[in-house]
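Residue numbers (the working numbering), protein chains in the order written: chain A, 228 to 376; chain B, 228 to 376. Just so you know, even glycine gets a beta-carbon here, dropped at the ideal spot from N, CA and C.
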DNA sequence: GAATCAAGTAACATACAAAGTATCTTGATA
DNA sequence: TATCAAGATACTTTGTATGTTACTTGATTC
């Protein structure tokens with residue numbers, strides 16, 4: 228199944244936004260992502276509505292981060308995307324007549340609920356600033372020739 | 228994103244197969260699933276190749292379970308499906324030049340790896356026989372009028 | 001051995017959501 | 001007034017599970 232890359236793309240974008248005071252235009256961001264300015268506006272809209280970024284129009288406009296990297300978790304970003312489906316698998320029929328299928332659904336629902344809770348806990352733990360630390364460490368390794376440029 | 232319902236469908240089918248000695252034809256199974264005989268053969272092929280079910284052709288043919296319900300876990304079924312993608316989200320670019328994106332990928336990979344391990348552990352714990360117990364309990368509740376027929 | 005049944009297989013069609021694209025509007029700045 | 005950039009709308013593309021048709025292979029029954 229084709230995968231939803233919005234969360235990963237937003238992390239990438241937000242980290243670049245955190246590294247500069249200059250507003251980034253949708254076009255700039257699209258170039259970073261190998262994508263399209265309209266797609267960028269589409270995936271950024273939720274973050275704007277939730278107050279993590281601000282967009283300004285006209286000359287010198289673009290997107291800015293308006294919260295500190297310590298204050299934004301992966302869970303925040305995920306929710307701003309509208310909390311899309313996390314799992315590639317799911318029930319065939321959510322409300323079947325067949326009793327056997329109802330038991331299958333109950334088992335799957337329980338499994339999915341537990342996995343969702345675990346994943347959301349992880350998302351809540353990870354702050355943008357944690358990834359910034361990883362970037363800094365990676366830059367050091369690259370400078371030391373321990374990781375390809 | 229549209230979801231992969233093969234795992235859930237196979238559980239449903241295998242439990243019905245476990246309840247009878249009669250072989251079930253692909254057509255019978257398709258009717259249970261509200262699907263198509265060709266789709267059934269497609270999703271059952273892996274289980275046949277892995278020795279969990281057997282298919283026989285001709286008169287009186289069809290699919291039979293050839294392992295006990297205690298001997299089949301959700302993980303077995305998942306693997307027989309070819310271990311399809313578990314998560315609906317993923318990386319945008321698996322091998323980026325951008326250092327920031329590499330850190331994003333590292334973070335996401337780690338999160339996904341942990342969630343995969345947890346989910347597979349759960350899949351390994353759940354046997355077909357566990358769901359059979361739930362079906363039995365559900366039948367009792369339905370007979371007592373505690374759950375809709 | 002002819003008819004029938006059912007799995008095996010191949011090729012093609014459909015559905016659907018993320019992603020991509022084109023075009024226009026709104027608002028801000030130079 | 002021209003230009004820039006977000007906002008918004010409508011449409012297209014893409015990839016994968018699923019659905020469908022048609023044909024082949026193999027087994028059973030009469």
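Secondary structure of residue i, DSSP reduced to three states
i	result
residue 384(B)	Residue 384(B) lies beyond the residue range present for chain B, which begins at 228 and ends at 376; the question has no answer from this structure.
residue 295(A)	coil
residue 374(B)	coil
residue 231(B)	strand
Exposed unless 16 or more other CB atoms sit within 10 angstroms - verdict on residue i
i	result
residue 267(A)	buried
residue 328(A)	buried
residue 315(B)	buried
residue 239(B)	buried
residue 342(B)	buried
residue 380(B)	Residue 380(B) lies beyond the stretch modelled for chain B, which goes from 228 to 376, so this question has no answer here.
residue 336(B)	exposed
residue 285(B)	exposed
residue 276(A)	exposed
residue 231(A)	buried
Within 7 Å, strictly: CB atoms of residue i and residue j
i	j	result
residue 253(A)	residue 274(A)	no
residue 235(A)	residue 330(B)	no
residue 305(A)	residue 294(A)	no
residue 296(B)	residue 363(B)	no
residue 197(B)	residue 344(A)	Here chain B comprises residues numbered 228 to 376, so residue 197(B) is not present and cannot be evaluated.
residue 358(A)	residue 334(B)	yes
residue 204(B)	residue 351(A)	This structure does not reach residue 204(B), given that chain B is present from 228 up to 376, and the question cannot be answered.
residue 263(B)	residue 272(B)	no
Residue i Cβ short of 6 Å to the ligand FAD heavy atom set
i	result
residue 247(B)	The ligand FAD is not among the ligands present in this structure, which contains no ligands whatsoever.
#### Entry: Under 8 Å (Cβ pairs) to chain B, residues found in the region 252 to 265 of chain A
259, 260 and 261
#### Entry: Sequence ranges, beta strand (DSSP E) only - wholly within the region 239 to 322 of chain A, length at least 3
280 to 283 and 289 to 292
### Task
Compile a chain-ordered list of the residues in the region 345 to 367 of chain A whose CB is closer than 7 Å to at least one CB of chain B.
345, 346, 349, 353, 358, 361, 362, 365 and 366
### Task
Check each residue of the region 319 to 347 of chain B: if its Cβ is closer than 8 Å to any Cβ of chain A, include it; give the result in chain order.
319, 320, 325, 326, 327, 328, 329, 330, 331, 332, 333, 334, 335, 338, 341, 342, 345 and 346
### Query
Given a limit of 9 Å on CB to CB distance, which residues of the region 230 to 252 of chain A reach chain B?
230, 231, 232, 233, 234, 235, 236, 238, 239, 242, 243 and 246
### Message
Closer than 9 Å between beta carbons: that is the criterion. Which residues of the region 302 to 319 of chain B meet it against chain A?
### Response
305, 311, 312, 313, 314, 315, 316, 317, 318 and 319
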